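Chemist:
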Amino acid sequence: MVYFVGAGSGAADLITVRGMRLLEKADIIIYAGSLVNPQLLNYAAKTAEIYDSSSMTLDEVIAVMKAGDTKTIVRLHTGDPCIYGAIREQMDRLIDLGIPYEICPGVSSLCGAAASLKAEYTLPDVSQTVIITRMEGRTPVPAKEDISLLAAHNATMVIFLSTGMLERLSEKLINGGYSAETPAAIVYKATWEDEKICRCTVGTLNETARKNRITKTALITVGDFLGNDYSLSKLYDKSFTTGFRKGVTE
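Note that the sequence shown covers residues 20 to 269 in my numbering.
1. Within a Cβ cutoff of 7 Å, which residues of the same chain sit near tyrosine 197, ignoring the five residues on either side of it in sequence?
2. Using DSSP with H/G/I as helix, E/B as strand and the rest coil, what is cysteine 130?
3. Comparing alpha-carbon positions, which option in Arg153, Thr182, Asp111 and Val55 lies nearest serine 72?
4. With DSSP as the reference, please indicate the residues paired to phenylalanine 179 in a beta bridge.
5. With DSSP run on the structure shown, which of helix, strand or coil describes glutamate 190?
6. CB-CB under 6 Å to proline 100, same chain, minus the five flanking residues each way: which ones, in chain order?
7. What three-state label does DSSP hand isoleucine 205 in the structure shown?
8. Please classify arginine 229: is it buried, with 16 or more other beta-carbons within 10 angstroms of its beta-carbon, or exposed?
9. Among the candidates Val206, Glu226, Thr223 and Phe244, whose CA atom is the shortest distance from the CA of cysteine 217?
10. Give me, in chain order, the residues of the same chain whose beta-carbon lies closer than 6 Å to that of tyrosine 62; leave out the 5 immediate sequence neighbours on both sides.
11. Taking the alpha-carbon positions, what's the threonine 35 to serine 28 distance?
12. Taking the alpha helix (DSSP H) that glycine 38 falls in, what are its first and last residues?
13. I need the straight-line Cα distance from proline 57 to leucine 185, nearest angstrom please.
14. Here's a check: name, in chain order, each residue in its chain whose Cβ is nearer than 7 Å to the Cβ of threonine 91, leaving out the five neighbours to either side.
15. Assess, as a yes-or-no matter, whether the stretch 175–191 is touched by the stretch 241–257 under the definition of 3 or more beta carbon pairs within less than 8 Å.
16. What would DSSP say about tyrosine 277, mapped onto helix, strand or coil?
17. Taking all protein chains shown into account, do 16 or more other C-beta atoms lie within 10 angstroms of the C-beta of tyrosine 255, making it buried, or fewer, making it exposed?
18. Are tyrosine 70 and aspartate 144 close, meaning C-beta to C-beta below 8 Å?
19. For glycine 52, which three-state DSSP category applies?
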């Protein structure tokens, strides 16, 4: 059995209990060494075979899985593997080989970043939508998902894999509809011990990253959820009736 396990947002104790237990019983662990906190390997048995996939190709990863098809294998991905995890191509190969697999979700870095910012992405009368996206790099982005088009919504935006393109990112965000003064934040290595949070604006993203020498491994968050104006939730409004409480009006 192959288990695709989300390593969590960074801190070793933010892996799920299920993920930790899978690491403890794994015979083979293939982990994304360039992104996953190596402290997570402390959960592994001393007898486990450990492979760092940062220097491996897809064929090489699958070869390890195929060779260990009678063993318990953990494929340890950063954050939650469903977001930019490149797991679909691995799962399809396993299906072709007749090797069973399961997915164990993890805490995404987008959640870790919000926790570090002490922020709520979905504030009433501010934004009820979170757009998760990235700039086009070596991996293309469909034309209809260009950031300048997504920016027209002025919703909360969490941008992955784009720290090295912040000047162009700012241009696209502003051209699309955010003002240059819209609050933004760069969260470097969210929840890691060396985490760094840089609050800025859409117009100063590139300058802020340069000043703080951040070139990779960071999330960009954009939107008025980082501001101070919002409405209170109806859920806890005393006049709001729910299935558990009758609203009271004075």
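Heads up, the beta-carbon is just placed ideally off N, CA and C, and yes, glycines get one too.
Quick caveat, the model's predicted, so the values are computed rather than measured.
Modeler: Let me spell this out:
1. Ala170, Asn173, Val221 and Val241
2. helix
3. Val55
4. Arg153
5. helix
6. Phe23, Gly25 and Ile106
7. strand
8. exposed
9. Val206
10. Met39, Leu42 and Glu43
11. 11 Å
12. 36–44
13. 28 Å
14. Met20, Lys44, Ala45 and Asp46
15. yes
16. An answer regarding residue 277 cannot be provided, because it is not within the stretch 20 to 269 covered by the chain.
17. exposed
18. no
19. coil
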